[in-house]
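Report on one structure; see the data block that follows.
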Amino acid sequence: MSTSSVTVPYTVRTELFGSNRFITPLRFHNYRSKCELSRRDVIFKGIVAARASVMASTVAAEPKGLEKLPFKPDGYNYWTWQGRKIHYVVEGEGLPIVLIHGFGASAFHWRYNIPVLAKKYKVYALDLLGFGWSEKALIEYDALVWRDQVVDFMKEIVKEPAVLVGNSLGGFTALVSAAALRDQVKGVVLLNSAGQFGDASSGTNDSEETALQKFIVKPLKEIFQRVVLGFLFWQAKRPARIESVLKSVYINAENVDDYLIDSITRPADDPNAGEVYYRLMTRFMSNQRKYTLESVLGELSCPLLLLWGDLDPWVGSAKAFRIKEFYPNTSLVNLQAGHCPHDEVPEEVNKALLNWLSTLTSTPSQAA
C-alpha cells in the first residue's frame, strides 16, 4: 500500500479504509484540508499513490544492517490460478507465513521483512490478482476474488497450516481468507488493515433505484469516470510526472530515485493496467460495503496480532482498539509509523512479529 504521506481519492479513504469513521480532534484540521483539495488533484495523486506503493515508505536510507529482498524485474515464481498468472516469492524453511500486500503494491513491498523472517520460517509473499507482477485480469473485482486466490494458494502451494499477514487491503484479505480456511490458519497479523465496521444508518436499498438512475444517470457517470481516470492514469505513468508528484509528498525528496520510479512505471506498462485500475477505483470500492469487520471477525477462531502505525492519517489507532475490543483474542503493538509500518519501521515490525510467532509455536491456539 502506499505511504502515509500520499493523498488518495476520497472514495478510497472512505470505502476501503473507512478513515472518516476514526478521525480524532488532533487530525481534524489536516483531514478537512485534504478534503478541500480539487477533485482532479486528489484523483491524480491517488493514481500515483497506487503506483508508488511497491517501495514507497523508506526508499533511500536502508535500515542499518537490515537485509533487503533483491529486486528482480521479471519477478520470482509464478503459479497458474484459474488460468491466470500469479507471482509470488518464497524463502526459508519452517512454519509457513503468507504475506499479503496492500492496494497498488506487490510482494516487493515486504522487501525488509522476507529475509529476516525467512531465517526461522518459510515465507511466502504473493501478488494479488490485478496487482504487481500478477496478471492484470479484466474481471469484476471483489473481496471474495482475492479470498479465493489466497485460499487456493494455501491449498495448492503452501499445503499446510500457516500464519496470514496482511497490510491495508491485504489485511482484510487475510481476515476473510482465515475465516474461510479456519483450522488451516494458525494466526492472523494485521498491519493497518482495511475494512469497515458496519453502520446501519448508511445502508442503501438497491431495489429502490429508479429507471432514470439505472438507464441514464449511471451510464453517463461511468463514461465520465472512464474518460477522466483514463486520462489521469496515462499522465501518472510518465516518469517525470511521477517524480514531480512523489517529491511533493515525500518529506525527504532524496528518497525519490531512479530505482523507485522504475519500479512504479514497470507494472503500469501492462496493456490492461489502466482498465484494471478503473475497475478497482469505481466498482470494487463501492462493493466493500457488503463486508464488515464484525461479520468477518465473528468467523475467526485463531489468535490475532495488530501491528499498528499510530501516525497513519487514513486508518487511525482508534480502529485497532475497536478491533481488539470486539475480538478479545488479540494482541496489539502500537508503532510510531504511518500506513505501512512493515516498510517504515521494519526492524520494530520484524521483532514484534517474531516474538508473537514464538508464542504460537509454543502455545496451542485458542478461539476467541
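Quick note on numbering: the sequence shown equals residues 1 to 368 in the UniProt record's numbering.
Every residue, glycine too, gets a C-beta built ideally from N, C-alpha and C.
Computed from a predicted structure; not experimentally measured.
Cβ-based neighbour list, residue i, same chain, cut-off 7 Å, excluding 5 preceding and 5 following
{"i": "Asp310", "result": "Ser317, Asn334, Leu335 and Gln336"}
{"i": "Pro63", "result": "Below a pLDDT of 50, predicted positions are generally treated as unreliable, and Pro63, at 49, falls in that range; the measurement from the model is reported next regardless. Once the five neighbours on either side are set aside, the close Cβ partners of Pro63 are Tyr112, Pro346 and Glu347."}
{"i": "Ala152", "result": "Before going on, a small fix: residue 152 reads as Asp here, not Ala. The answer, listed in chain order, is Trp81."}
Residue from the options whose Cα sits closest to the Cα of residue i
{"i": "Phe321", "options": "Leu306, Pro96, Glu347 and Val89", "result": "Leu306"}
{"i": "Arg147", "options": "Phe197, Gly83, Tyr121 and Val296", "result": "Val296"}
{"i": "Tyr121", "options": "Lys319, Ile139 and Ile97", "result": "Ile97"}
{"i": "Arg279", "options": "Leu138, Gln149, Ile100 and Val315", "result": "Leu138"}
{"i": "Val189", "options": "Glu347, Asp343, Val345 and Ser331", "result": "Ser331"}
{"i": "Glu156", "options": "Glu347, Asn355 and Gln82", "result": "Gln82"}
{"i": "Cys302", "options": "Ala178, Ile114, Leu126 and Lys136", "result": "Ala178"}
{"i": "Trp133", "options": "Thr292, Glu325, Asp343 and Ala273", "result": "Ala273"}
{"i": "Phe197", "options": "Glu275, Ala118 and Glu294", "result": "Glu294"}
{"i": "Leu357", "options": "Pro70, Gly94 and Ile323", "result": "Gly94"}
{"i": "Lys324", "options": "Asn355, Met154 and Trp308", "result": "Trp308"}
{"i": "residue 371", "options": "Ile114, Gly92, Val90 and Arg84", "result": "Absent from the structure is residue 371, since the part of the chain shown begins at 1 and ends at 368."}
{"i": "Leu353", "options": "Val163, Val158, Phe131 and Glu135", "result": "Val163"}
{"i": "Val150", "options": "Val176, Lys136 and Glu135", "result": "Val176"}
{"i": "Val158", "options": "Gly195, Lys136 and Ala125", "result": "Ala125"}
{"i": "residue 398", "options": "Tyr277, Lys136 and Lys119", "result": "Absent from the model: residue 398. The displayed extent of the chain is 1 to 368, so no value can be given."}
{"i": "Val276", "options": "Phe131, Leu69 and Val123", "result": "Phe131"}
{"i": "Val315", "options": "Pro271, Lys290 and Gly195", "result": "Gly195"}
{"i": "Pro271", "options": "Lys136, Arg182 and Thr292", "result": "Lys136"}
Cross-strand partners of residue i (DSSP beta bridge)
{"i": "Glu91", "result": "Val123"}
{"i": "Thr330", "result": "Leu304"}
{"i": "Lys85", "result": "Thr80"}
{"i": "Thr292", "result": "Gln196"}
{"i": "Asn167", "result": "Leu191"}
{"i": "Val98", "result": "Tyr124 and Leu164"}
{"i": "Gly309", "result": "Leu335"}
Chain-order list of residues whose beta-carbon lies under 6 Å from that of residue i (same chain, five-residue window excluded)
{"i": "Val116", "result": "Asn350"}
{"i": "Gly102", "result": "Met1, Asn167, Ser168, Leu169 and Gly170"}
{"i": "Leu360", "result": "Lys186 and Gly187"}
{"i": "Ile100", "result": "Gly166, Gly170, Thr173 and Ala174"}
{"i": "Pro161", "result": "Gln184 and Lys186"}
Neighbourhood of residue i by C-beta distance below 8 Å, restricted to the same chain and skipping five residues each side
{"i": "Val145", "result": "Leu129 and Ile139"}
{"i": "Thr80", "result": "Ile86"}
{"i": "Tyr327", "result": "Leu297, Leu300, Leu304 and Ala368"}
{"i": "Arg266", "result": "Pro73"}
Residue i vs residue j beta-carbon contact at 8 Å
{"i": "Asp142", "j": "His87", "result": "no"}
{"i": "Asn192", "j": "Pro313", "result": "no"}
Would you check if the region 95–112 and the region 62–82 touch, i.e. whether three or more CB-CB distances between them fall below 8 Å? yes
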